[in-house]
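K.L.:
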Amino acid sequence: MDTEGTQDARNTRSELVPRPAAPPDAPPPPATPPAGLPAMPTAPPGHPADAPEPPLLAWLRTPRPAAGPGVWTYGHRPRPAEEPERIPTRQLISGALISFLCGWLLWSLLWNQYLGSYWLWPLVLLTPDSWRDGTDPMAYVWASYIYYGLFIVLMAVVFGRLGRWPELGRRFLMPLVGPLVRRLRPRPAAAAPKPATDPAQWPELRAHGAPDAADKLAEEARAGRMNDVDVARIDRAWQSVRSGKNSLASFTDTVLRQGAAACAHPSGRRDLTRRTAEHDLLAHQVRLGTAADHERNPYQHRGAGCALEPAVLGTSLLAVGPAGSGKTTRVVRPVVESMCLQALAGQCAVIAVGPAGADLGPDDAFDVVVTIGRRDPECDLDLYGGTTDPDEAAAILAEALVGDLAEQLPGGDSRRAATALAQLLGPFRAVHERFPSVPELRELLDGAPAAMGALRSALEGSGEQTLLRELDARARQSERPGDAGVLLADRIALLDRPAFADCFDPTGRTRQVSLRALDHPLRVRIELPERGHAEASRILARLVLAQFTECAVARSDRSLFACLVLDEAAHTITAEALRGLQRLRSANAGAVLTLRSLDDVPDALRSALLGAVGCRMAFAGVTTWDGARFAEVWGKEWVETRDVTDRQIIAESAAGKAFHIFRQLVTGKAATAKAVTVRTVERERWSASDLANSLPAGHAVLSVTSVKGEHAPPVLVDLRG
349 MDTEGTQDAR
359 NTRSELVPRP
369 AAPPDAPPPP
379 ATPPAGLPAM
389 PTAPPGHPAD
399 APEPPLLAWL
409 RTPRPAAGPG
419 VWTYGHRPRP
429 AEEPERIPTR
439 QLISGALISF
449 LCGWLLWSLL
459 WNQYLGSYWL
469 WPLVLLTPDS
479 WRDGTDPMAY
489 VWASYIYYGL
499 FIVLMAVVFG
509 RLGRWPELGR
519 RFLMPLVGPL
529 VRRLRPRPAA
539 AAPKPATDPA
549 QWPELRAHGA
559 PDAADKLAEE
569 ARAGRMNDVD
579 VARIDRAWQS
589 VRSGKNSLAS
599 FTDTVLRQGA
609 AACAHPSGRR
619 DLTRRTAEHD
629 LLAHQVRLGT
639 AADHERNPYQ
649 HRGAGCALEP
659 AVLGTSLLAV
669 GPAGSGKTTR
679 VVRPVVESMC
689 LQALAGQCAV
699 IAVGPAGADL
709 GPDDAFDVVV
719 TIGRRDPECD
729 LDLYGGTTDP
739 DEAAAILAEA
749 LVGDLAEQLP
759 GGDSRRAATA
769 LAQLLGPFRA
779 VHERFPSVPE
789 LRELLDGAPA
799 AMGALRSALE
809 GSGEQTLLRE
819 LDARARQSER
829 PGDAGVLLAD
839 RIALLDRPAF
849 ADCFDPTGRT
859 RQVSLRALDH
869 PLRVRIELPE
879 RGHAEASRIL
889 ARLVLAQFTE
899 CAVARSDRSL
909 FACLVLDEAA
919 HTITAEALRG
929 LQRLRSANAG
939 AVLTLRSLDD
949 VPDALRSALL
959 GAVGCRMAFA
969 GVTTWDGARF
979 AEVWGKEWVE
989 TRDVTDRQII
999 AESAAGKAFH
1009 IFRQLVTGKA
1019 ATAKAVTVRT
1029 VERERWSASD
1039 LANSLPAGHA
1049 VLSVTSVKGE
1059 HAPPVLVDLR
1069 G
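Residue 642 in our numbering is what sits at position 294 of the sequence shown, and the numbering runs on without skipping anything.
#1: Please return the same chain residues whose Cβ sits closer than 7 Å to the Cβ of Q355, not counting the five positions on each side in sequence.
#2: Could you name the residues of the same chain whose beta carbon sits closer than 6 Å to that of D373, not counting the 5 residues immediately before and after it, in chain order?
#3: Between the segment 728 to 739 and the segment 842 to 855, do at least 3 Cβ pairs fall closer than 8 Å?
#4: Quick one: residues in its chain with C-beta nearer than 6 Å to the C-beta of T807, no 5 flanking neighbours on either side, listed in chain order?
#5: With H, G and I counted as helix, E and B as strand and the rest as coil, what does DSSP make of H424?
#6: Which residues in the same chain have their Cβ closer than 6 Å to the Cβ of V1052, if we skip the five residues on either side of it in sequence?
#7: Could you please give the first and the last residue of the uninterrupted beta strand (DSSP E) stretch that includes L521?
#8: Alpha carbon to alpha carbon, what distance is there between A491 and D484?
#9: In whole angstroms, give me the CA-to-CA distance for L453 and M503.
#10: Take V861 and list the residues in its own chain whose beta-carbon comes closer than 8 Å to its own, dropping the five residues that flank it on each side.
#11: Which value, in whole angstroms, describes the spacing of the CA atoms of K1005 and V1024?
#12: For the segment 641 to 656 against the segment 923 to 930, do three or more pairs of beta-carbon atoms, one drawn from each stretch, fall closer than 8 Å, so that the two count as touching?
#13: Name the DSSP bridge partner or partners of M965?
#14: Note the first and the last residue of the continuous beta strand (DSSP E) segment covering T989.
#15: Taking a contact to mean a Cβ-Cβ separation below 8 Å, would you say R990 touches V1026 in this structure?
#16: Rank N594, D951, D477 and A706 by C-alpha distance to the C-alpha of A671 and give the top, closest one.
#17: Have a look at D641, R635 and G983 and flag the residue whose alpha-carbon is nearest the alpha-carbon of V680.
#18: Under three-state DSSP, which class holds R1031?
#19: Please state whether DSSP places V1055 in a helix, a strand or coil.
#20: What's the gap between the Cα of Y496 and the Cα of S456?
#21: Starting from A639 and walking both ways along the beta strand (DSSP E), at which residues does that stretch end?
#22: Can you give me the start and stop residues for the beta strand (DSSP E) that I699 sits inside?
#23: Rounded to whole angstroms, what's the CA-CA distance from P393 to D1038? Just pull it up for me.
#24: Report back the beta-carbon spacing between V949 and L957 to the nearest angstrom; my notes put them in contact at under 8 Å.
#25: Any idea what DSSP makes of A865, helix, strand or coil?
#26: Any idea which residues DSSP pairs G938 with across the strands?
#27: What residues in its chain sit with their C-beta under 7 Å from that of E988, if we drop five residues either side in the sequence?
#28: Indicate whether the contact test is met: 3 or more Cβ pairs, each with one atom in the segment 673 to 687 and one in the segment 584 to 603, closer than 8 Å.
#29: Do you know whose CA, among A555, T600, R519 and G734, lies nearest R1088's CA?
#30: Is the number of C-beta pairs between the segment 457 to 473 and the segment 520 to 527 that are closer than 8 Å three or more?
#31: Nearest to A444 by CA position, among V1049, S934, R519 and A766, is which residue?
#32: Hey, out of A837, L666 and A548, whose CA is closest to V981's CA?
#33: Please name the residue in I744, Q813 and R879 whose C-alpha comes closest to that of T767.
#34: Under a three-way DSSP split, which group does D844 fall into?
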């Protein structure tokens, strides 16, 4: 059946895609997921009638209530929007004790008839005279006891509500008695859910004409031969059937033949060998941590899990924090792992970019691993983004080479550089049917007579008059002062190094990774040579970012979420890159960028960068000036403040003065009266000082926005939980 490219993607070009980094001969060993999530067994176990159900069934049946963006929905319990008024413990105990004493005093007065016997008139009214005149005394005694008991219960209810006894019991007795009651109370057998509502029975397949496939999948789940990736992948294939892209008959036939392995990823993988984060593939979420119980956090978020998903990553994420604050291990690595799992489920394409040695995941978690600077690489990076259009290739390459130096070019942007490159790339491709390699491009930009003469002769022989005019225009412009070709030649020379001699080869000697294949569920990791080649690494990072923003928007099929994870995006943010990031939201794509400081971004683009992304994250250790930018973009909120002032009480009488003197001797403080003023003021959600000085280690402040426009306020997240 047609599986939207999940069966036929073997490279990253639409016609030539690299094979997986480590194609397995057999399904890989099962991952070890966090507690509560399903795992795939190594072999299908037997399933006796009295055997416990596999964890997958409980995972499927766990409720996932609707929640705001950024909230972990697996087993989530919504809380009220506002915190209920909490009475101080001392005030609660004193109030309960006073109400009890008042009730006891009232009962003593009534029992001894100090207040008369009027409270007994209901008893007299409801009992016959024969009980009171001695004919049937025991009946009257029992009636009196019952009346006294009811009256005591009524007093307990009245004074208990006045003294808040139920609240006192919930706060102190329930933590002690509750576990004991649950231990002693027998647990009723859980009733099996009905097939029409049981997710483990695949009710949607049964309701739309695929009962045989539903029975097969339910049996696979009960036998333990299915994991959460299989569920998400088959659900993805079923949605393609519902949308009309695939036929019901082919889907049913595939499921009946292959079971839980139906519609597998081209690599053959059905899970990762190891997981380091908690994932929920039904909700497409990865959990980052827990919202701290902090006064700055909204009450409904406190204690809730914080998660990321394509719905919020589609607005792009910027994480800022110093080295060692946890950007890579606690955000980038879980996000990359989640995207790889979703790619195995046919829902996502991920490009992970980082310096060599960055912990972005093991090699077997990716289909392609591109190590730039490696001798005899198996896979290479396409310098021109897989395009055949010289103008498009020139624009992408110019952005990578001189995007950070655009202010040094005439006009203040890279359009002059793109024009200069197009004047060379077009003629070269017309002659050689490919784009030039790095040394060839450097010679052309330097205006080497031999290279330019050979190209001119080839064009004259083929009769390409239009391209000859382009070449003549390049020759004239190279003689003018301030020509962009000089700067381009200097920057391309950074890639024309012995370490990169085997890289960026357009002749077809090596398989090249092209981001043109983002409509396939690819898992690609690109390692940049930051050590020893820092400037070249930044050029390549800008190149990948420019290619991603261009190719993600140009996709004809946007059903897959395309995600670019760029660990350490210093000196890669340009004005053109910001425009590309803003276009990703409507193209079902997003980027995750990390920075050690906003100082790595030009000053004119810092506010624009924070405004272009919808998800922002400030880690513990950010500087005050970085915190000021975040405080500005997060804005302010209305809060209620209380101002307490003490006013000294001046006694006029001698007895009052003596009492005040005695009180001061005992307490050491003068007699004062407190005046409380309640005001509603506008305050920053998180101030620059709070972000720089008050964030604990292992914490970060996170705000998210979904592609639909829903947003959550900045929340302090404990990333260690």
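Virtual Cβ for every residue (Gly too), placed ideally from N, Cα, C.
Because the structure is a prediction, the values reported are computed rather than measured.
P.N.:
Quick look at the numbers:
#1: Along the sequence shown, read from residue 1 onward, the residue named residue 355 stands at position 7. Low confidence applies to Q355: its pLDDT is 41, below 50, so where it sits in the model is not reliable enough to give any reading.
#2: Your numbering for residue 373 matches position 25 in the sequence shown. Low confidence applies here, because D373 scores a pLDDT of 38, under 50, leaving its location unreliable; read the following figure in that light. Nothing listed; no residue qualifies.
#3: yes
#4: Along the sequence shown, one-based indexing puts residue 807 at 459. Reading off the sequence shown, one finds Leu at residue 807, where the question assumed Thr. Within the same chain, L807 has close Cβ partners P775, L815 and L816.
#5: Within the sequence shown, numbered from 1, the residue matching residue 424 stands at position 76. In the structure shown, H424 sits in coil (DSSP, three-state: anything other than H, G, I, E or B).
#6: Position 704 of the sequence shown, counted from the start, is the residue given in the question as residue 1052. P417, G418, V660, C963 and A1060, listed in sequence order.
#7: Locating residue 521 in the sequence shown gives position 173, where the first residue counts as 1. Careful: L521 lies outside any beta strand (DSSP E) and carries neither H nor E.
#8: Position 136 of the sequence shown, counted from the first residue, corresponds to residue 484. Position 143 of the sequence shown, counted from the first residue, corresponds to residue 491. When rounded, the distance between both Cα atoms is 11 Å.
#9: As a first step, residue 453 must be located in the sequence shown, where it is residue number 105. As a first step, residue 503 must be located in the sequence shown, where it is residue number 155. Going by the C-alpha atoms only, they are around 11 Å apart.
#10: The count along the sequence shown starts at 1 and reaches residue 861 at position 513. T360, P366, V716, V718, C727, D728, L729, D730, V872 and I874.
#11: Your numbering for residue 1005 matches position 657 in the sequence shown. Your numbering for residue 1024 matches position 676 in the sequence shown. If you take the alpha carbons of K1005 and V1024, they lie about 25 Å apart.
#12: no
#13: Reading the sequence shown from its first residue, position 617 is the one you call residue 965. For M965, which the question treats as bridged, DSSP gives the partners A667 and L1050.
#14: On the sequence shown, position 641 is the one that residue 989 refers to. That run of the beta strand (DSSP E) goes K984 to Q996.
#15: Counting from one through the sequence shown, the residue named residue 990 turns up at place 642. Counting from one through the sequence shown, the residue named residue 1026 turns up at place 678. In contact: R990 and V1026 (Cβ atoms closer than 8 Å).
#16: Numbered from its first residue, the sequence shown carries residue 671 at position 323. The option with the nearest alpha carbon to A671 is A706.
#17: As a first step, residue 680 is located in the sequence shown; it is residue number 332 there, counting from the start. Comparing Cα-Cα distances from V680 to each of D641, R635 and G983, the minimum goes to R635.
#18: Residue numbering aside, residue 1031 sits at position 683 when the sequence shown is read from its first letter. Strand at R1031.
#19: On the sequence shown, position 707 is the one that residue 1055 refers to. Residue state, collapsed to three classes: coil.
#20: Here residue 496 is taken as the residue at index 148 of the sequence shown, counted from 1. Here residue 456 is taken as the residue at index 108 of the sequence shown, counted from 1. Spanning the two alpha carbons is a distance of roughly 12 Å.
#21: Working through the sequence shown from its first residue, we reach residue 639 at position 291. Looking at the DSSP string, the run of the beta strand (DSSP E) that includes A639 is Q633 to A639.
#22: On the sequence shown, residue 699 is found 351 positions in, with the first residue counted as 1. C696 to P703 is the extent of the beta strand (DSSP E) around I699.
#23: Here residue 393 refers to the residue found at position 45 when the sequence shown is read from its first residue. Here residue 1038 refers to the residue found at position 690 when the sequence shown is read from its first residue. Residue placement at P393 is flagged as unreliable, the pLDDT there being 41, under the threshold of 50; a coordinate-derived value is accordingly withheld.
#24: The count along the sequence shown starts at 1 and reaches residue 949 at position 601. The count along the sequence shown starts at 1 and reaches residue 957 at position 609. Contact holds; Cβ gap of about 6 Å.
#25: Stepping through the sequence shown from its first residue, residue 865 is reached at position 517. Helix.
#26: On the sequence shown, position 590 is the one that residue 938 refers to. Paired residue(s): C911.
#27: Along the sequence shown, read from residue 1 onward, the residue named residue 988 stands at position 640. So the list reads V1026 and T1028, once near-sequence residues are dropped.
#28: no
#29: Because residue 1088 is not part of the residues shown, which for the chain are 349 to 1069, the question remains open.
#30: no
#31: Stepping through the sequence shown from its first residue, residue 444 is reached at position 96. Residue R519 is the option with its Cα nearest to A444.
#32: For the purposes of this step, residue 981 is taken as residue 633 along the sequence shown, with counting starting at 1. It is L666.
#33: Start at 1 with the first residue of the sequence shown, and residue 767 comes out as number 419. Checking every option, the nearest Cα to that of T767 belongs to I744.
#34: Counted from its first residue, the sequence shown places residue 844 at position 496. Note: D844 maps to coil in three-state DSSP.
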